[in-house]
Amino acid sequence: MAGAVIPHLLVIPFPAHGHMLPLLDLCHLLSTRHGLTITIVVTPGNLPTLSPILSSSPSISPLILPFPSSSDIPTGVENTYQVPPNLIRNFIPALSGLLYPILQWFHSHPNPPVAILSDFFTSGWTFRLAQSLSIPRLSFSPSGAFGIATIHQLWREMPSNSDPNLLIPFPSLPNSPSFPLSQLSTLFRDYIKGDSVSESIKENFLLDIQSWGFVVNTFSDLEGDYIEQLKKDIAAGHRRIWAVGPLVASPVERKTDAVIKEKVLTWLDGFPEGSVVYVCFGSQVVPPPQQAAAISAALELSGLRFLWCVREGTEVPAGFEERVAARGFVVKGWAPQVEILGHAAVGWFLTHCGWNSVIEAVVAGVALLTWPHGADQFIDARLLEDAGMAIRVAEGRSTVPEAQELARILAAAVSGRNSRVRERAAELSEMARKAVAEGGSSFRDLHSLVAELKKMTVTNEQSYAESPA
59 MAGAVIPHLL
69 VIPFPAHGHM
79 LPLLDLCHLL
89 STRHGLTITI
99 VVTPGNLPTL
109 SPILSSSPSI
119 SPLILPFPSS
129 SDIPTGVENT
139 YQVPPNLIRN
149 FIPALSGLLY
159 PILQWFHSHP
169 NPPVAILSDF
179 FTSGWTFRLA
189 QSLSIPRLSF
199 SPSGAFGIAT
209 IHQLWREMPS
219 NSDPNLLIPF
229 PSLPNSPSFP
239 LSQLSTLFRD
249 YIKGDSVSES
259 IKENFLLDIQ
269 SWGFVVNTFS
279 DLEGDYIEQL
289 KKDIAAGHRR
299 IWAVGPLVAS
309 PVERKTDAVI
319 KEKVLTWLDG
329 FPEGSVVYVC
339 FGSQVVPPPQ
349 QAAAISAALE
359 LSGLRFLWCV
369 REGTEVPAGF
379 EERVAARGFV
389 VKGWAPQVEI
399 LGHAAVGWFL
409 THCGWNSVIE
419 AVVAGVALLT
429 WPHGADQFID
439 ARLLEDAGMA
449 IRVAEGRSTV
459 PEAQELARIL
469 AAAVSGRNSR
479 VRERAAELSE
489 MARKAVAEGG
499 SSFRDLHSLV
509 AELKKMTVTN
519 EQSYAESPA
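Final position of the sequence shown in the working numbering is 527; the numbers increase by one with none missing.
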């Protein structure tokens with residue numbers, strides 16, 4: 059259309075599946091529904107994750123840059139799934155090596171971006187990048203509003219006591235929650251004053267608070283009070299927070315083994331509605347052998363129907379799969395989680411409470427059995443438990459539960475007397491559907507975000523037109 063305003067947005071993900079996928083889903087929406095031109099910064103090792111969206115969205119293109127050399131990350135590693143959890147923090151300062159190549163690209167581009175949308179784990183160096191380019195930077199959060207609020211308070215106030223049992227209060231947040239220090243992010247708990255990686259992480263989150271705007275994968279009916287708190291707190295004075303979730307897998311397939319997908323869904327077809335427990339602890343977790351043995355023993359003793367997805371390298375006890383074959387299925391490696399949760403046979407989800415898993419369960423209307431491990435997962439678990447669609451069954455990354463007790467807890471949790479939990483999950487699913495439907499809260503926020511980007515584009519075009527030849 060002649061005269062149409064088409065914003066060009068530079069998107070900078072953090073190279074972890076749980077961070078990249080929702081941001082790519084947002085890019086797909088902005089491109090296909092709103093016509094934005096989008097450039098996504100990516101390193102060669104992460105390019106396959108972009109393949110589906112690049113093939114389906116011609117207005118999205120990659121800016122492929124070498125992964126920065128870092129003594130803190132093994133050579134050849136470009137994504138957090140390739141390293142143990144204790145090394146993930148090193149990616150935050152390492153990625154700052156992309157700043158100068160992006161500056162060079164920007165200044166040579168005939169139609170440079172009008173804004174940057176970057177993952178909140180890249181806020182430190184992308185804040186400086188945006189300043190150098192004199193364009194706004196928006197922070198994308200793959201966590202919920204409750205999670206962001208707690209993270210920002212921690213880094214601003216820096217509790218100095220290292221006692222893991224110390225109760226950290228958040229009096230400014232709705233309902234004044236508190237959490238033991240041991241249940242808060244290891245990025246914060248592992249902070250060492252003067253350590254270069256620690257100081258880089260601290261700077262990252264303090265600069266995130268200064269973002270021009272915030273885009274969050276959540277919706278008003280789930281986190282309305284926390285969204286409003288963010289507008290009063292970190293966005294005081296401008297209130298530029300857009301809750302655009304739930305962001306779910308785009309119509310384009312995410313990378314999934316078609317054979318595994320067909321096998322899993324065919325297996326689920328053989329069971330009654332709501333009768334299967336789906337078990338998955340995310341893309342980063344390989345349970346230690348003792349924990350894997352306890353989980354498998356509990357699933358066997360519980361008598362429940364289950365589908366258990368484990369990362370490659372998980373030690374599933376010998377003979378377990380054969381003994382439970384009539385009612386249990388173990389998937390090793392990547393699983394089609396959105397499709398699994400959307401299957402009528404799945405009624406419960408035993409999860410670590412990573413935000414993507416939480417959001418996908420909310421959309422599917424599947425009740426949660428929570429086993430938070432770390433990061434923002436205890437906060438996510440509290441949110442969903444308070445919302446009435448989740449039951450706590452265990453906690454802690456290294457916890458090895460007694461198998462018989464875990465079996466009893468699981469069986470009791472999914473018994474008929476907890477039908478209200480499943481009903482509440484269905485209610486929240488309907489709220490999520492309405493949020494993204496035309497006229498819904500997230501639909502309106504997404505349109506508002508696009509309108510702001512169009513204003514920037516018009517302003518830039520006017521500046522170029524008025525500049526001397």
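Even glycine gets a Cβ: it sits at the ideal position worked out from N, Cα and C.
Query raised in the report: On the three-state DSSP scale, how would you describe Pro309?
Result: Any answer about Pro309 is weak, because its pLDDT of 45 lies below 50 and its placement is not dependable; what the coordinates show is given next. The three-state secondary structure of Pro309, taken from DSSP, is coil.
Query raised in the report: For the candidate residues Leu408, Gln395, Ser341 and Ala316, whose alpha-carbon lies nearest to that of Leu357?
Result: Of the listed residues, the one whose Cα sits closest to Leu357 is Leu408.
Query raised in the report: Can you name the start and end residues of the alpha helix (DSSP H) that Ser258 belongs to?
Result: For Ser258, the enclosing alpha helix (DSSP H) covers residues Ser254 to Asp266.
Query raised in the report: Phe339: which of Leu280, Cys411, Pro347 and Trp325 sits nearest, CA to CA?
Result: The shortest Cα separation from Phe339 among Leu280, Cys411, Pro347 and Trp325 belongs to Cys411.
Query raised in the report: Ala307: which of Trp300, Gly332, Leu326 and Gly400 sits nearest, CA to CA?
Result: Checking every option, the nearest Cα to that of Ala307 belongs to Gly400.
Query raised in the report: Are any of the Cβ atoms in chain B nearer than 7 Å to that of Phe72?
Result: Although the question refers to chain B, the structure presented lacks it and comprises just one protein chain.
Query raised in the report: Can you find at least 3 beta carbon pairs, one from the region 461-480 and one from the region 256-266, that sit closer than 8 Å?
Result: The region 461-480 is not in contact with the region 256-266.
Requested in this report: Can you tell me which of Ala445, Val458, Ile193 and Phe364 puts its alpha carbon nearest to the alpha carbon of Trp429?
Outcome: Of the listed residues, the one whose Cα sits closest to Trp429 is Val458.
Query raised in the report: Straight-line CA distance for Ser456 to Phe436?
Result: Each residue's alpha carbon lies about 14 Å from the other.
Query - Residues near Pro309 by beta carbon distance below 6 Å, same chain, minus five either side - result: Because the pLDDT of Pro309 is 45, which lies under 50, any placement of that residue in the model is unreliable, and the question is left without a value.
Query raised in the report: Which two residues bound the contiguous alpha helix (DSSP H) that contains Asp434?
Result: Membership of Asp434 in any alpha helix (DSSP H) is not indicated, and neither H nor E is assigned to it by DSSP.
Query raised in the report: Candidates Trp300, Ile70 and Pro238: which alpha carbon is nearest Ser278's?
Result: Taking each of Trp300, Ile70 and Pro238 in turn and checking the Cα distance to Ser278, the smallest one comes out for Trp300.
Query raised in the report: Can Thr515 and Val63 be called in contact, C-beta distance under 7 Å?
Result: In contact: Thr515 and Val63 (Cβ atoms closer than 7 Å).
Query - Cβ separation of Thr101 and Phe125, assumed to be a contact under 8 Å, to the nearest whole Å - result: The C-beta separation of Thr101 from Phe125 comes to about 4 Å, placing the pair in contact by the 8 Å criterion.
Query - Under 7 Å between C-beta atoms of Val388 and Glu379 - result: Taking a C-beta distance under 7 Å as the contact criterion, Val388 and Glu379 qualify as a contact pair.
Query - Contact the region 173-184 vs the region 140-158: 3+ CB pairs below 8 Å - result: Remark: three or more beta-carbon pairs, one from each stretch, lie closer than 8 Å, so the region 173-184 and the region 140-158 are flagged as touching.
Requested in this report: Would you decide whether Asn223 is buried or exposed? Buried here means 16 or more other CB atoms lie within 10 Å of its CB.
Outcome: When all chains shown are included, Asn223 counts as exposed.
Query - Where Asp177 falls: helix, strand or coil (DSSP) - result: DSSP places Asp177 in strand when its eight states are reduced to three.
Report task. Taking Val494 as the reference, give the member of Ser473, Arg466, Leu156 and Leu305 with the closest Cα. Result -> For the residues Ser473, Arg466, Leu156 and Leu305, the minimum Cα distance to Val494 belongs to Leu305.
Query raised in the report: For Gly271, which residues does DSSP report across the bridge?
Result: According to DSSP, which records beta bridges pairwise, Gly271 is partnered with Leu196.
**Report entry** Between the CA atoms of Ser176 and Met78 - distance to the nearest angstrom
**Finding:** Rounded to the nearest whole angstrom, the C-alpha separation of Met78 and Ser176 is 10 Å.
Query raised in the report: The beta strand (DSSP E) with Thr95 in it runs from where to where?
Result: If you look at Thr95, you'll find it in the beta strand (DSSP E) that goes Thr95 to Val100.
Query raised in the report: Between which two residues does the alpha helix (DSSP H) containing Ile417 stretch?
Result: Counting along the chain, Ile417 sits inside the alpha helix (DSSP H) bounded by residues Trp413 to Ala422.
Query raised in the report: By a C-beta neighbour count over all protein chains shown, 10 Å radius and 16 as the cutoff for buried, is His86 buried or exposed?
Result: So His86 ends up on the buried side.
Requested in this report: Below 7 Å CB to CB, which residues in the same chain sit around Leu359 once its five sequence neighbours on both sides are set aside?
Outcome: Excluding positions up to five away in sequence, the list reads Ala461, Gln462 and Ala465.
Report task. Please name the residue or residues paired with Tyr158 in a DSSP beta bridge. Result -> Looking at the DSSP assignment, Tyr158 forms no beta bridge with any residue, so it has no partner.
Requested in this report: Check Val141 in the structure and name its three-state DSSP category.
Outcome: Val141: coil per DSSP, three-state reduction.
Query - Candidates Pro375, Glu136, Leu82 and Met489, of which the one nearest Pro73 by Cα - result: When only C-alpha atoms are compared, the closest one is Glu136.
Requested in this report: Could you say which of Glu485, Leu486, Asp315 and Trp270 lies nearest to Ile174 if we only look at CA atoms?
Outcome: The shortest C-alpha separation from Ile174 is found at Trp270.
Query raised in the report: Beta-carbon separation of Asn275 and Pro80 under 7 Å?
Result: Cβ atoms of Asn275 and Pro80: closer than 7 Å.
Query - Ser218 versus Ile146 - alpha carbon distance - result: C-alpha separation (whole angstroms): 23 Å.
Query - Candidates Ile193, Met447, Phe164 and Pro159: closest to Lys513 by CA position - result: Comparing Cα-Cα distances from Lys513 to each of Ile193, Met447, Phe164 and Pro159, the minimum goes to Ile193.
Query raised in the report: Terminal residues of the continuous beta strand (DSSP E) containing Trp366?
Result: Trp366 -> beta strand (DSSP E) spans Arg363 to Val368.
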